[in-house]
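Novice: Before anything else, here's the structure in question.
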Amino acid sequence: MKTATIIDLIVDSDVHTQSMNHIIKQQHISQRMRRRLRNEGIITVNDEPATWNTLVHGDDHLVMKLTPEQEFSLSPMDLDIVYEDEHILVINKAAGVLMHPTSTVRDHTLANGVLHYYEKTNQYYDFHPVHRLDKDTSGIVIIAKTSVVQHAFNKKHTHFHKCYDAIVEGKLPSVPLTINWPIGRKPGSIIERCCTNEGKPARTDIRVIKHTTINGENTIIDSNPLSNSNPITGSETMVNKKFKQHFTHVQCLLHTGRTHQIRVHLSQLGYPLAGDDLYGGHLDYIQRQALHAARVSFHHPMTNEWLELSAAMPKDMKDLLQ
11 MKTATIIDLI VDSDVHTQSM NHIIKQQHIS QRMRRRLRNE GIITVNDEPA
61 TWNTLVHGDD HLVMKLTPEQ EFSLSPMDLD IVYEDEHILV INKAAGVLMH
111 PTSTVRDHTL ANGVLHYYEK TNQYYDFHPV HRLDKDTSGI VIIAKTSVVQ
161 HAFNKKHTHF HKCYDAIVEG KLPSVPLTIN WPIGRKPGSI IERCCTNEGK
211 PARTDIRVIK HTTINGENTI IDSNPLSNSN PITGSETMVN KKFKQHFTHV
261 QCLLHTGRTH QIRVHLSQLG YPLAGDDLYG GHLDYIQRQA LHAARVSFHH
311 PMTNEWLELS AAMPKDMKDL LQ
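Structure below.
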């Protein structure tokens with residue numbers, strides 16, 4: 011298996027002689043990773059083999075590599091890359107794609123696709139998601155290319171401004187809403203969440219964008235003798251019933267990141283996501299929860315650059331609104 015470069019740096023010229031351990035601690039590397047580098051790392055200084063006890067001087071070229079911990083298979087995948095640099099990869103994930111392999115699904119997850127992309131582009135990195143999306147939620151996912159970068163996100167307590175597009179069933183009033191309902195695990199379920207005073211704080215800001223009404227017609231059996239076409243016999247007839255289905259396009263700004271937060275908050279409000287049959291929605295018009303991670307902005311933990319990234323709403327949600 012190929013080795014992944016964890017550290018590749020030129021030591022500042024004004025740095026006096028220092029221990030390897032001291033240099034590594036300055037690179038936002040976790041204690042666990044330092045332990046792995048010390049025990050398993052391939053270390054060179056100025057292209058010469060080195061050890062943890064080698065002293066490092068100003069202008070030295072230090073490189074540390076490790077064999078990747080992950081051994082996922084590689085699956086070709088058309089990745090919609092929103093942004094990429096040497097530290098992070100940002101993907102617009104399609105609905106229906108798992109983030110990483112499970113005990114039952116080993117291939118064709120985002121992790122398999124990203125590792126295939128690294129192989130194809132001669133990049134020796136691992137898959138370190140900074141945050142996750144449900145299988146059937148589409149949109150922006152940030153992936154750190156190394157554990158060092160992932161640790162930097164955590165160490166700097168990077169704040170993400172996350173905005174989601176969602177389509178709910180019903181006509182939600184056009185007034186800004188802020189929902190502050192704690193969320194916890196639903197008793198007796200390992201998947202579902204619910205609003206509960208015993209849960210963790212969760213805040214979602216909601217803004218209505220557009221109302222949409224679908225006019226439809228259902229054919230039903232009508233056995234009411236006063237309303238069917240044969241009142242004498244009272245026999246059953248097939249009757250066409252017209253109906254209107256209302257949907258509301260909303261944008262949700264997350265201030266916390268609880269599991270299923272938007273889905274639970276909107277369902278508790280009485281406006282479940284279209285297609286979210288786990289929390290009260292229906293599959294009549296869309297075959298997955300109508301939720302898309304549309305925009306994210308944050309300070310890059312390695313460069314401190316302010317990034318504002320977006321991903322267009324997918325076709326199935328656009329079709330529902332039209």
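Under the numbering used here, the letters of the sequence shown match residues 11 to 332, in that order. Cβ coordinates follow ideal geometry from the N, Cα and C atoms, glycine included.
(1) Under three-state DSSP, which class holds residue 142?
(2) Measuring CA to CA, which of 317, 191, 217 is closest to residue 207?
(3) Please report how far the alpha carbon of residue 143 lies from the alpha carbon of residue 112, in whole angstroms.
(4) With a floor of 4 residues, list each alpha helix (DSSP H) that falls wholly inside the segment 121 to 174, ordered by position along the chain.
(5) On the DSSP letters alone, give me the boundaries of the beta strand (DSSP E) that residue 203 sits inside.
(6) Enumerate in chain order the residues of its own chain whose CB-to-CB distance from residue 202 is below 7 Å, with the five nearest sequence positions on each side excluded.
(7) Can you grab the Cα-Cα spacing for the pair residue 318 / residue 250, in whole Å?
(8) Alpha carbon to alpha carbon, what distance is there between residue 184 and residue 21?
(9) For residue 31, report the span of its alpha helix (DSSP H) as first-last.
(10) Would you mind working out which of 177, 290, 49 sits nearest residue 221, comparing C-alpha positions?
(11) To the nearest angstrom, how far is it from the Cα of residue 63 to the Cα of residue 154?
(12) As a quick exercise: from 259, 283, 98, 171, pick the residue whose alpha carbon is nearest that of residue 134.
(13) Using 8 Å for Cβ pairs, my map puts residue 56 next to residue 32. What's the rounded Cβ distance?
(14) DSSP state of residue 100, grouped into three classes?
(15) I need the boundaries of the beta strand (DSSP E) containing residue 306, first residue and last residue.
(16) For the candidate residues 284, 264, 316, whose alpha-carbon lies nearest to that of residue 255?
(17) Report the three-state DSSP secondary structure of residue 74 (helix, strand or coil).
(18) Quickly, what does DSSP pair residue 320 with across the bridge? List them, please.
Specialist: By the coordinates alone:
(1) coil
(2) 191
(3) Between the alpha carbons of residue 143 and residue 112 lies a distance of about 15 Å.
(4) 157 to 165
(5) 203 to 205
(6) 196, 288
(7) The straight-line gap from Cα to Cα measures roughly 50 Å.
(8) 56 Å
(9) 30 to 35
(10) 177
(11) 29 Å
(12) Nearest of 259, 283, 98, 171 to residue 134, Cα basis: 98.
(13) Going by Cβ atoms, the distance from residue 56 to residue 32 rounds to 18 Å, so no, they are not a contact pair.
(14) strand
(15) Element bounds for residue 306: 301 to 309.
(16) 284
(17) strand
(18) In the DSSP secondary-structure assignment, residue 320 is bridged to 305.
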